Amino acid sequence: MTPRQKFAQRALTATASLGALTLALMAHDAAAQATETAPQPQNATEVDEIVVTGFRASLQNALNIKRREAGVVDAISAEDIADFPDTNLAESIQRIPGVSIDRDAGEGRTLTVRGLSSEFTRTRINGIEAQASTGATDSSGGVNRGRGFDFNVFASELFNNITVRKTSSAEVEEGSLGATVDLRTSRPFDKMGFQGALSGQYGYNDLSEDWSPRFAGLISNTWADDQLGALFSIAYSERESLEEGFSSVRWGPASADGGFQNGSVLPSPANTYHPRIPRYGSLEHGQERLGATLSLQARPGNGPTLFTLDMLYSKLDSTRSENFLQAWSLSRGADQGGKPQVDIVDFAIDPDTGEMTYARLDDMDIRSEQRFDVLETEFKQMTFAVEHEFSDRLRFNGLIGRAESSFDNPVQVSAIIDRQNVDGYSYDFRENRNLPAINWGFDVTDPAQWSIVGPTGAQPRSELRSSANFQDNVYTTGEANFAFELSERLTLKAGVSRKEYESSSRAFARLANGAPALPAGVTMADVTDLRTGFGKNLDLPAGAATSWIRPDLEALQTVWDYRCNCDTGVAGGDFRLVGLNGNPSTYGNWREVTETDTGGFVQADWNLEIMGLPVRGNVGVRQVKTEVEALGYSNVGGVATPVTGQNEYEDTLPSLNVAIEPMEDLIVRFGAAKVMSRPPVTSLVPVFALSAVNASSNTASLGNVELEPYRAKTYDLSVEYYFAPEALLSFAYFYKDISTFVQTTQQTLTYGELTALNPVAFPAVSTRPPGSPYVFSTPTNTEGGPLKGFEISYQQTFSFLPGPLSNIGALLNYTHVESEIDYCTTASCTVIVTEDLVNLSPEAWNATLYYDDGKLNARVSAAYRDAYYQNVPGSNGAAGLIPFQGKSETTTIDASASYNLTDSLSLSVEGLNLTDEENRQNHGDLGGSRDSTYVYHHTGRQIYIGARYRF
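Count along the sequence shown from 1, then add 14; that gives the number in the working numbering.
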């Protein structure tokens, strides 16, 4: 069955199921109406209107927002002031149909909407676009230098409402292929009069066995007959967590890095794959988050003018300590004492995938590493908005604002110690593909078995890596919009906007990573400690190491003084952190990109009756001009040489949204639009990079400031049936015809071919033979492909059930997405592989079962996300193939409950990741059968107990 036939089958099955459920619900409504119209006893009493609070009120408010919009919109609302449904914004948003999240260290970080990653999704806070950046483990993407938004920077208590706009309209700024996510903080005029709340929680992680506090508070008031208002909120939290498991740092061909010393024993080295750095790791995460909002509002004389000043601040301070016991030789060439020195003693190869699932090896180099990072994100935003009614028919709204996100990684230091040329090392995946049995070949808990190999010793030499990285993002926005009511049924809108986006990054590092030799009289026991307790709740193979010797960074600081940022004068003791003034390894991370977007729109909104049917919607067009300036630095003869580039492009973006109500409580929506999303920031810098002479692998790359944006035509069709209070059944179909795509192409060229391609970037030099092969990568505009899918959503409180059962309810949604993107193996795209879009999960669903009677509120939620690609092309592929890094399917289960002791005081308990779902990332080749384990980590369960007081 072809993919198109499979999609049609799924859609037909889903439509049939939806139709059957709709008929059943309509039959239920008809029976209910018959009961309601039957004669009632004379002593029957009138039923008061049901007023819902808490979680049910949050759901009802979200339904109201969705229902009154012309386009396809989903929303989440706070249950009360400073009381969002989840402790993490991303965890809340993933309950929306079509939304999936990616996690780092067990906490939601980024979003994917309808198969499109955070790079294609715009996030606005209080009306202006913003970007929040933080860092993560290398396998989770590291530092966010792109356009994506890191939701873990913020405490959820600071926000009042989240709206996800899945269709486009002319009045909403361009830049999204997936969705526009609107975050709004609380304001004093949301609820007039005095309002206040305090909450506190204590969290426990069963893997780290640490307790961490979480506090939030809000105070708001209005004065002068509600003409003036002020609101202040604050949230603070700490979190200590542990992440443990196995990783391989990808898999590579046995023929790479010069091959094994006796590689001829393998039947086909080029088609045999092994883990590059098989290792067990324990990562300790510490986090401290502080956030605050201030909102001032004024409506002088309760007249036609409203002024709103919103300020938002967030500070996320994190530390991460990574500890690895690892085999090193399989990822290095002969010049670093690597694979060409290793003897294969025994092996087993999976005939279906080519994976060397078992190997016993001699002359292996084993290393122990401790890495420590300090990560700091500071976010500041201020917006000033004015709304004014000139008359009953003419209105104005305008705003100016600035959002700044600064990410600092001022400390990143790694110490690596060695045990060289070990015989009897082995790894074995045959019983467990995720957690191999590893025999290290010596006692890894004995410090005397380890050594620090100084700058004159045999390779591989021990290392002390030190660096610092910084990333800043600034959005400055201004807009002015007018609306004129031609009649009660028709409103004309027009507006202009100007937005400037600045992205800049800097990096510093040591000139060489080699470590000094230990001074006389200092032993390995003096500069190491024993890492113990590894493997809790992991199904480790029998005999696995649960303790090992690791470098002690504090002890090494005492011995070497590596934090001095100076040259100590001993061999290997130059600890200066150098950037543009002489360290070519950092040049690629020095860049500045400025985008200036100038746009305007006209739009008509209507609310009509056609043949007795309510019809509302909007039609309009947005015109936008994008101007790009990019600055980077290339290495020319060891000197940082500035390279600049400019580009500009214009887009005309029409849009249409129609909502028809063919019967009461039934809405049919249609949307169509041209949309665009700007290219990745990191691809725009026109710099070139070249691997060092005699590097273990030869690579070259070239940026491209002249990239055009992603462009697409989108079509949406949905049916929504609000069949009862607090209830919805909906089906939505979407189709995106992506005409222009951006991807990084890779091909193998000789150095002579690189010189012919760009003689400035790759000059002919005697140290680089013209016939040497290089893997060359560059971002390129390519043809896109279709993306299509459907969403089914069901929500209802079972108020028709008797007694307490009437307070039970459910939220269910399912999303299916398909895409066809041609990935090129050559820059000319003469050879392609057709596969799914990066970050697209074909299947996703969410389910929540809740109980809420106004006093007791309890719910359990499950979220499933199918497997997806994270990076295409990935790294370490075989010749002629496109490697990928991806993530396996996940199902996470959360639960929470709260009880109102009084109208003001409530107690709560919340559990996150109750099944301790593992994060499994994989490595393979597009179109191939290999599914090699890249990362297999878990982070434990998180439990919060708390209290909340409202006054």
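All C-beta atoms, glycine included, are put in the ideal place defined by N, C-alpha and C. Fair warning: this is a prediction, and the values are worked out from it, not measured in the lab.
Item                                                                                                                  : Value
7 Å Cβ shell around F812 - same chain, five flanking residues per side excluded                                       : L819, S820, I822, G823
Which listed residue (N316, L825, S669) has its alpha carbon closest to that of D239                                  : N316
Inter-stretch contact at 8 Å, needing at least 3 Cβ pairs: the region 539-553 / the region 608-619                    : no
Closest residue to Q571 among L297, W454, L478 (Cα-Cα distance)                                                       : L478
N- and C-terminal bounds of the alpha helix (DSSP H) containing K394                                                  : First-last for K394: 378-403, but that is the beta strand (DSSP E), not the alpha helix (DSSP H).
Limits of the unbroken beta strand (DSSP E) element including W604                                                    : Careful: W604 lies outside any beta strand (DSSP E) and carries neither H nor E.
Span separating the alpha-carbon of D357 from that of N661                                                            : 53 Å
Within-7 Å CB hit, R630 to chain B                                                                                    : The displayed structure is made up of one protein chain only, and chain B is not part of it.
Spatial neighbours of V949 in its chain, beta-carbon cut-off 6 Å, leaving aside the 5 residues before and after       : S153, S261, Q935
Close Cβ partners of N458 (< 7 Å) along its chain, the five nearest in sequence each way excluded                     : Per the sequence shown, the amino acid found at residue 458 is Val instead of Asn. Correct list, in chain order: L339, A559, W562, I563.
Buried or exposed by the 16-neighbour rule on C-beta atoms within 10 Å, applied to D406                               : exposed
C-alpha distance - R253 paired with M538, whole-angstrom precision                                                    : 33 Å
Cβ-Cβ separation, N853 to Y883 (assumed contact under 8 Å), whole Å                                                   : 7 Å
Beta-bridge partners of N874, as assigned by DSSP                                                                     : In the sequence under discussion, the amino acid at residue 874 is Val, which differs from the Asn named in the question. According to DSSP, V874 bridges with L863, A909.
Pair within 7 Å by beta-carbon distance, E302 and L256                                                                : no
Those runs of the beta strand (DSSP E) which lie wholly inside the region 743-815 and span at least 3 residues        : 787-811
Counterpart residues of Y948 in DSSP-defined beta bridges                                                             : Bridge partners of Y948: none, in fact.
Straight-line Cα distance separating E188 from S71                                                                    : The amino acid at residue 71 is misidentified as Ser; the sequence shows Ala. In a straight line, the C-alpha of A71 is about 32 Å away from that of E188.
Where A738 sits in the DSSP three-state scheme                                                                        : coil
Delimiting residues of the alpha helix (DSSP H) encompassing F203                                                     : Premise fails: F203 is in no alpha helix (DSSP H) and is neither H nor E.
Sequence-distant residues of the same chain with beta carbon closer than 6 Å to H951, five excluded per side          : E257, G259, N933
Length of the line joining the Cα atoms of Y250 and R228                                                              : 6 Å
Inter-stretch contact at 8 Å, needing at least 3 Cβ pairs: the region 648-665 / the region 732-745                    : no
The region 349-367 in contact with the region 917-932 per 3-pair CB rule at 8 Å                                       : no
Pick from V536, P530, R630 that is closest to T582, judged by C-alpha positions                                       : P530
Euclidean distance between Cα positions of D331 and L825                                                              : 35 Å
Selected residue, minimal CA-CA separation from S753, among G509, E722, I79, P267                                     : E722
Where V707 falls, given that 16 or more other Cβ within 10 Å makes a residue buried                                   : exposed
Neighbourhood of I957 by C-beta distance below 6 Å, restricted to the same chain and skipping five residues each side : Y218, G925
In DSSP terms, what G631 is bridged to                                                                                : W620, V672
Buried/exposed call for I110, threshold 16 Cβ in 10 Å                                                                 : buried
Cβ neighbours of T135 in the same chain (closer than 7 Å, five flanking residues each side left out)                  : L125, V127, S190, G192, A193, V195
F134 in three-state terms, based on DSSP                                                                              : helix
Close-in-space but distant-in-sequence residues of the same chain around V607 (CB under 6 Å, 5 per side omitted)      : S517, A644, V695, L698
Environment of K639 [buried if 16+ CB atoms lie within 10 Å]                                                          : exposed
Alpha carbon of A341 to alpha carbon of P292, nearest angstrom                                                        : 6 Å
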